[in-house]
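Novice:
In UniProt numbering, the protein residues as written are 1 to 358.
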């Protein structure tokens, strides 16, 4: 039997950076008590840690920082950002960063090099804001592609909630909150199977989206994540436990033989998923966007992945709203491969709704 990756494989906290206010919050005290032997380093801000963020030398300790460092702070700005794809709103996050090390992840390029998990300990304030925000929205009058009934809030934009849930009860508290909100549900994507979450009883008010891609590509670029087959294997159990279970085909990476590998993945899903899980399945399809600065960082710790992520021969530059130099597949190639994968999903997974593809 394959060894199932647990949170202890991913996290062994030796060092905690914390803002001065952390011990004044109950959640902060709980986490500090959980890791009594970790070195504590007080910092002015969870965003301003010179030896981590923007520090080129930290690339040498990339995986060590992911496994051994935890950052604790209070979330300052509480706002919901409108969204139009997998959710209606992006909620103020209860965390930032991740213990996993997917080589295409955009969070490192925003924070600068290392991005271990930052947990926000003022969870009551975050949940209070979300309760008030949902109340202001009122009843959702019409169904849409995001959800037929509820306003949907994304809570995991900058991290992986399944890993966060192994550190503290922030995610469990959020799931419990949305059970009480009559007009709203939450959602997050994940690449980690946390079986403890099967006991949370989300009552269909949490949509968990398991990120999937072909096995061999995942082994190369999804560093320190749960293997793809294990993600698929647990989907029926999560649906039985009260979750709405969706998938996210992301990022889609183009290479020779790519479509054949996706067909093999779809065949595995058809064999493993039960009829009830298939009946409520939906997906988003997101093709790779990469970044020149992240490319340079990756060359220092995982150059093999850059052979498939950085393809100037088939990619074009697209500047982000913040002025970053991103690359994505050239328009003529992108149109063709998006169409090919969409048609493959329709053919092989006819029960799976496609929310969007780009």
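For every residue, glycine included, the Cβ atom is placed at its ideal position computed from N, Cα and C.
Because the structure is a prediction, the values reported are computed rather than measured.
On the three-state DSSP scale, how would you describe residue 224?
Specialist: To locate residue 224, count along the chain shown from 1; it is residue 224. Coil.
Novice: What's the C-alpha gap between residue 359 and residue 203?
Specialist: Absent from the structure is residue 359, since the part of the chain shown begins at 1 and ends at 358.
Novice: Looking at the structure shown, is residue 119 part of a helix, part of a strand, or coil, going by DSSP?
Specialist: Taking the first residue of the chain shown as position 1, residue 119 is located at position 119. Strand, per DSSP.
Novice: For residue 158, which residues does DSSP report across the bridge?
Specialist: By one-based count along the chain shown, residue 158 stands at place 158. Residue 158 pairs with nothing; no bridge assigned.
Novice: Can you tell me where the alpha helix (DSSP H) with residue 362 in it begins and where it stops?
Specialist: Given that the chain is displayed from residue 1 to residue 358, the structure contains no residue 362 and the question cannot be resolved.
Novice: For my contact list, residue 201 and residue 236 are in at a C-beta cut-off of 8 Å; report their separation, rounded to the angstrom.
Specialist: Locating residue 201 in the chain shown gives position 201, where the first residue counts as 1. Locating residue 236 in the chain shown gives position 236, where the first residue counts as 1. The Cβ separation is near 17 Å, so there is no contact.
Novice: Nearest to residue 94 by alpha carbon, out of 228, 10, 75, 45?
Specialist: Position 94 of the chain shown, counting from 1, holds the residue named residue 94. Checking every option, the nearest Cα to that of residue 94 belongs to 75.
Novice: Tell me whether residue 51 sits in a helix, a strand or coil according to DSSP, three-state version.
Specialist: Within the chain shown, the letter at position 51 stands for residue 51. Residue state, collapsed to three classes: coil.
Novice: Report the three-state DSSP secondary structure of residue 28 (helix, strand or coil).
Specialist: Residue numbering aside, residue 28 sits at position 28 when the chain shown is read from its first letter. Residue state, collapsed to three classes: helix.
Novice: Residue 380 by DSSP, collapsed to three states: which one?
Specialist: The structure shown does not extend to residue 380, since the chain spans only 1 to 358, so no value can be given for it.
Novice: Tell me which same chain residues have a C-beta within less than 7 Å of the C-beta of residue 129, skipping the five on either side of it?
Specialist: Here residue 129 refers to the residue found at position 129 of the chain shown. Excluding residues within five positions, the ones whose Cβ falls inside 7 Å are 78, 92.
Novice: So residue 291 is in the beta strand (DSSP E); what residue range does that whole segment cover?
Specialist: Translated into positions along the chain shown, residue 291 becomes position 291. Its beta strand (DSSP E) spans residues 289-291.
Novice: Does residue 346 pass the burial test, meaning 16 or more other C-beta atoms within 10 Å, or should it be called exposed?
Specialist: Taking the chain shown and counting its residues from 1, one reaches residue 346 at position 346. Looking at its Cβ environment, which holds fewer than 16 other Cβ atoms inside 10 Å, residue 346 is exposed.
Novice: Taking buried to mean at least 16 other C-beta atoms within 10 Å of its own C-beta, is residue 97 buried or exposed?
Specialist: For this step, residue 97 is matched to residue 97 along the chain shown. Looking at its Cβ environment, which holds 16 or more other Cβ atoms inside 10 Å, residue 97 is buried.
Novice: Out of 338, 317, 71, 336, which has the shortest C-alpha to C-alpha gap to residue 328?
Specialist: One-based indexing of the chain shown puts residue 328 at position 328. For residue 328, the nearest C-alpha among the options comes from 317.
Novice: Are the stretch 80-91 and the stretch 22-39 in contact at 8 Å, needing three or more beta carbon pairs?
Specialist: Segments in contact, no.
Novice: Give the single residue among 233, 212, 73, 234 whose Cα lies nearest to the Cα of residue 286.
Specialist: Taking the chain shown and counting its residues from 1, one reaches residue 286 at position 286. It is 212 whose Cα lies nearest to the Cα of residue 286.
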